[in-house]
Amino acid sequence: MSRDGVQVTYLGTNGYQFEFNNHALLVDPYFSRADLLNIALGSRLLPNAARVTEGMRHLAPNPEAILVTHSHFDHLLDAPTIVSRTHARLIGSVSAVDLAKREGVPGGDAVTSGDVRRIGPWTIRVLAATHDRLFGKVPFDHRETNGSGPPQHPADWICGEPLAFFIEVGGQRIYIDSGGTPELLPPRERVDLAILGMALPDSRARLPAALEHLQPRYVLPSHQDNFFRPLNLGFQFGPLTDFPRVRHDCEQANRGRLILLDYFRPWTLPRK
Ligand SMILES: [Zn+2]
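Per this note's numbering: the sequence shown = residues -4 to 267.
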């Protein structure tokens, strides 16, 4: 393994830590993992401080930024807490930054597709994405938040503008989304690692096209675990996932090597 390679750590759901030369970047860190019944009932939803603390034990102490693909609770709920404990810069859509502000974390960096941010060794390009439908529609599909106090319920964590990110560091290129259809991928630029959300059928339907477009060296299907169970119970596929199909389509496409990561087990992206 290369000593100066990018280290990738899976945090569950669609959460990742990327590390490079003592710099760290997070995407969609979510440790609270509220249970399904509470979400289905629309009960009060707050970060689980103990679980966030436990999850953060696996993180570098000073991540430079937290990227958020969209504002649903399973992507954004814990980010304000982590920002307040680390002073990382929150980068997400207008609604993500607004929800974080209502959680008491001002100063987020609102981005939209086409934006570029350079932070430490990281160059981050923001791309447009769409969100998968769940039983025929995008959950909590609003672009703008309403209200001004802290979000209280699952529906307050609206989708907002879904984003994907193209991250370049140390000569390596990582594409990450949380599902949906890529609209503005860089045209046939070399991608070393493609992290593709595969929670729902819409994502699986576009997998062959995404692989053809990105031509990644490594493919990591993401957002496949049952994120209603706490992390300490271990990885279990979510009920709406279909890993055999994902694996089949990756084999058929023969574009890149398929990998899976377990929680909190760092993996170094090999250099070409
Ligand atoms: Zn979502």
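Positions of the beta carbon are idealized from the N, C-alpha and C atoms, including for glycine. Everything numeric in this text was worked out from a predicted model, so none of it was measured.
Burial state of residue i (16 or more Cβ within 10 Å)
{"i": "residue 243", "result": "exposed"}
{"i": "residue 251", "result": "buried"}
{"i": "residue 111", "result": "exposed"}
{"i": "residue -1", "result": "exposed"}
{"i": "residue 262", "result": "buried"}
{"i": "residue 126", "result": "buried"}
{"i": "residue 227", "result": "exposed"}
{"i": "residue 107", "result": "exposed"}
{"i": "residue 151", "result": "buried"}
{"i": "residue 136", "result": "exposed"}
{"i": "residue 66", "result": "buried"}
{"i": "residue 64", "result": "buried"}
{"i": "residue 13", "result": "buried"}
{"i": "residue 79", "result": "exposed"}
{"i": "residue 35", "result": "exposed"}
{"i": "residue 113", "result": "exposed"}
{"i": "residue 26", "result": "buried"}
Three-state secondary structure (DSSP) of residue i
{"i": "residue 172", "result": "coil"}
{"i": "residue 63", "result": "coil"}
{"i": "residue 103", "result": "coil"}
{"i": "residue 268", "result": "Nothing about residue 268 can be read from this structure; the chain reaches only from -4 to 267."}
{"i": "residue 18", "result": "strand"}
{"i": "residue 231", "result": "coil"}
{"i": "residue 198", "result": "helix"}
{"i": "residue 220", "result": "strand"}
{"i": "residue 42", "result": "coil"}
{"i": "residue 238", "result": "helix"}
{"i": "residue 23", "result": "coil"}
{"i": "residue 246", "result": "helix"}
{"i": "residue 203", "result": "helix"}
{"i": "residue 254", "result": "coil"}
{"i": "residue 119", "result": "strand"}
{"i": "residue 30", "result": "coil"}
{"i": "residue 36", "result": "coil"}
{"i": "residue 266", "result": "coil"}
{"i": "residue 110", "result": "coil"}
{"i": "residue 13", "result": "strand"}
Identified DSSP bridge partners for residue i
{"i": "residue 125", "result": "In the DSSP output, where bridge partners are listed per residue, residue 125 has none listed."}
{"i": "residue 86", "result": "62, 104"}
{"i": "residue 132", "result": "129"}
{"i": "residue 79", "result": "Its beta-bridge partners do not exist; DSSP assigns none."}
{"i": "residue 212", "result": "Beta-bridge pairing links residue 212 to no other residue."}
{"i": "residue 162", "result": "119, 169"}
Nearest-angstrom Cβ-Cβ length linking residue i and residue j, presumed shorter than 8 angstroms
{"i": "residue 60", "j": "residue 44", "result": "In fact, because the Cβ distance is near 22 angstroms, the residues do not count as touching under 8 angstroms."}
beta-carbon residue i near ligand 3 non-hydrogen atom, thresh 7 angstroms
{"i": "residue 154", "result": "Absence of ligand 3 from the depicted structure is noted, with ligand 1 being the only ligands included."}
For the pair the segment 238 to 257 and the segment 183 to 202, tell me if three or more CB-CB distances fall below 8 angstroms. They touch, by the three-pair rule.
Does the pairing of the segment 83 to 95 with the segment 161 to 175 give three or more beta-carbon distances under 8 angstroms? Fewer than three Cβ pairs drawn from the segment 83 to 95 and the segment 161 to 175 lie within less than 8 angstroms of each other, which leaves the two stretches out of contact.
Decide if the segment 3 to 23 is in contact with the segment 219 to 234; the criterion is three or more beta carbon pairs, one per stretch, under 8 angstroms apart. Contact annotation: the segment 3 to 23 touches the segment 219 to 234, with at least three C-beta pairs closer than 8 angstroms.
Is it true that the segment 21 to 28 meets the segment 114 to 131, where meeting means three or more beta-carbon pairs spaced less than 8 angstroms apart? No, the segment 21 to 28 is not in contact with the segment 114 to 131.
Are the segment 154 to 161 and the segment 113 to 122 in contact at 8 angstroms, needing three or more beta carbon pairs? The segment 154 to 161 makes contact with the segment 113 to 122; the number of CB pairs closer than 8 angstroms reaches 3 or more.
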